Amino acid sequence: MNLTSILQVIFVNYYCVLIWMIIKVESASSNKQYLDRLRAVDAHIPDNDNINDINFHTGSRPSPSDELPIPPLHENPDRAFDPSPQDLDYKANRKMLGKKFDRNFMQVVKPLEHIFHPDGMLNIRFRKGRPKGRRPEFIKDFGHKITFGDDIVKKLGVDKRTKKLMQKYLWNYTHCPLMYKWKDLGIRFWPRWIKEGSCYKGRSCSIPPGMQCKTKSSKPLTLLRWHCKDWNTDRKCKWIEIQYPIITECACSC
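In structure tokens form, the structure reads like this:
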């Protein structure tokens with residue numbers, strides 16, 4: 001075999017290996033391409049690993065953080081990445097959301113409630129002097145006899161009316177109401193105003209003190225997020241759906 005033949009064999013082998021590597025890289029990158037573009041929704045990724053930041057995962061839905069409500073997002077201040085007036089067309093965006101538009105928790109313009117109550121309002125509903133809703137089991141059992149193994153403490157020695165008053169007071173004391181406040185998410189969300197819940201932190205909710213009102217349940221709001229394919233050069237942007245979690249119920253907890 002002469003030198004020319006040897007060089008041809010080496011070149012063919014090198015070419016095959018190169019093609020194989022390109023195929024592997026493209027295959028691996030194609031699985032991540034869409035996710036990477038969605039992660040670019042956040043104009044700026046903070047250096048710290050704050051658990052309160054929204055994290056995008058496996059699609060266009062942000063994962064709820066361990067603590068709600070969600071703090072303000074870090075945004076690219078460059079207004080070139082903002083939606084245009086045409087992109088903010090009410091009819092078109094309303095059609096995109098369809099039945100997912102919840103007028104009780106989202107508004108396009110600043111709500112009157114936010115103007116009159118900028119710090120929010122407590123959502124407390126009472127019925128016959130106690131919180132509206134199902135009576136907690138520990139309230140129902142209050143006043144019954146207490147057992148410590150073989151030892152038994154007699155039940156509360158008061159009349160029925162007094163017992164009900166004590167149960168009602170304990171129920172009110174341990175109740176955790178929601179504080180609702182309208183929040184402006186900015187022009188890169190549609191609708192930009194959402195009604196966000198938070199748990200009341202004015203005092204301890206337990207006897208003896210120590211426990212606090214914390215999130216018991218939440219639900220996602222479906223919003224439109226202005227998403228740009230590339231925040232640096234290629235400004236091909238469009239609306240995408242995301243899930244934004246809000247608190248719906250609080251409970252007394254450690």
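Just so we're aligned, residue 1 is where the sequence shown starts under full-length UniProt numbering, counting upward by one.
Using N, Cα and C, we set each Cβ at its ideal position, and we do this for glycine too.
Everything numeric in this text was worked out from a predicted model, so none of it was measured.
For I247, which residues does DSSP report across the bridge?
S218
Which of helix, strand or coil DSSP assigns to G202
coil
Once the 5 residues before and after D78 are set aside, which same chain residues still bring their CB inside 6 Å of it?
none
Given this structure, state the Cα-to-Cα distance separating F189 from L156, to the nearest angstrom.
56 Å
Buried or exposed for I246, going by 16 or more other Cβ atoms inside 10 Å?
buried
In the structure shown, what three-state DSSP assignment does M166 receive?
helix
Can you list, in chain order, the residues of its chain whose CB lies under 8 Å from that of G143, leaving out five sequence neighbours each side?
K155, L156, V158, K163, M166, Q167
State the Cα-Cα distance for the pair R225 and I240, rounded to the nearest angstrom.
5 Å
Who are the Cβ neighbours of K183 in its own chain at under 6 Å, not counting the five residues just before and after it?
I194, E196
According to DSSP, what are the bridge partners of F189?
R225
Can you find the residues in the same chain that come closer than 6 Å, C-beta to C-beta, to V153, ignoring five residues on each side of it along the sequence?
I146
Which residue comes first and which comes last in the alpha helix (DSSP H) that contains I139?
137-140
Using 8 Å for Cβ pairs, my map puts I242 next to P83. What's the rounded Cβ distance?
Contact flag wrong, Cβ pair sits at about 15 Å.
Here's the rule: buried if 16 or more other CB atoms are within 10 angstroms of the residue's CB, otherwise exposed. What is L38?
Any reading at L38 must be qualified, since the residue scores a pLDDT of 37, below 50, and its modelled position is unreliable; no value is offered.
Is DSSP giving E75 helix, strand or coil here?
coil
Alpha carbon of K214 to alpha carbon of K160, nearest angstrom
32 Å
For the ligand ZN, any of its heavy atoms closer than 7 Å to the Cβ of F148?
Within the structure as shown, the ligand ZN is missing, as the structure has no ligands at all.
Mind reading off the beta-carbon distance from L179 to S198? Whole number of angstroms is fine, and I expect it under 8 Å.
Strictly speaking, residue 179 in this sequence is Met, with Leu absent from that position. Right, the Cβ-Cβ distance comes to about 5 Å (below 8 Å), so this counts as a contact.
Looking at the structure shown, is N93 part of a helix, part of a strand, or coil, going by DSSP?
helix
What's the gap between the Cα of P111 and the Cα of L170?
36 Å
Quick check on the burial criterion: 16 or more other C-beta atoms within 10 angstroms. Buried or exposed for H117?
exposed
Could you give the first and the last residue of the continuous beta strand (DSSP E) run that contains L122?
121-123
With DSSP as the reference, label D184 as helix, strand or coil.
strand
Do Y200 and P177 have their beta-carbon atoms positioned less than 8 Å apart in this structure?
yes
Going straight from the alpha carbon of K128 to that of C252, what length do you get?
22 Å
Where does I242 sit, in a helix, a strand or coil, going by DSSP?
strand
May I ask which residues mark the beginning and end of the beta strand (DSSP E) holding I146?
146-148
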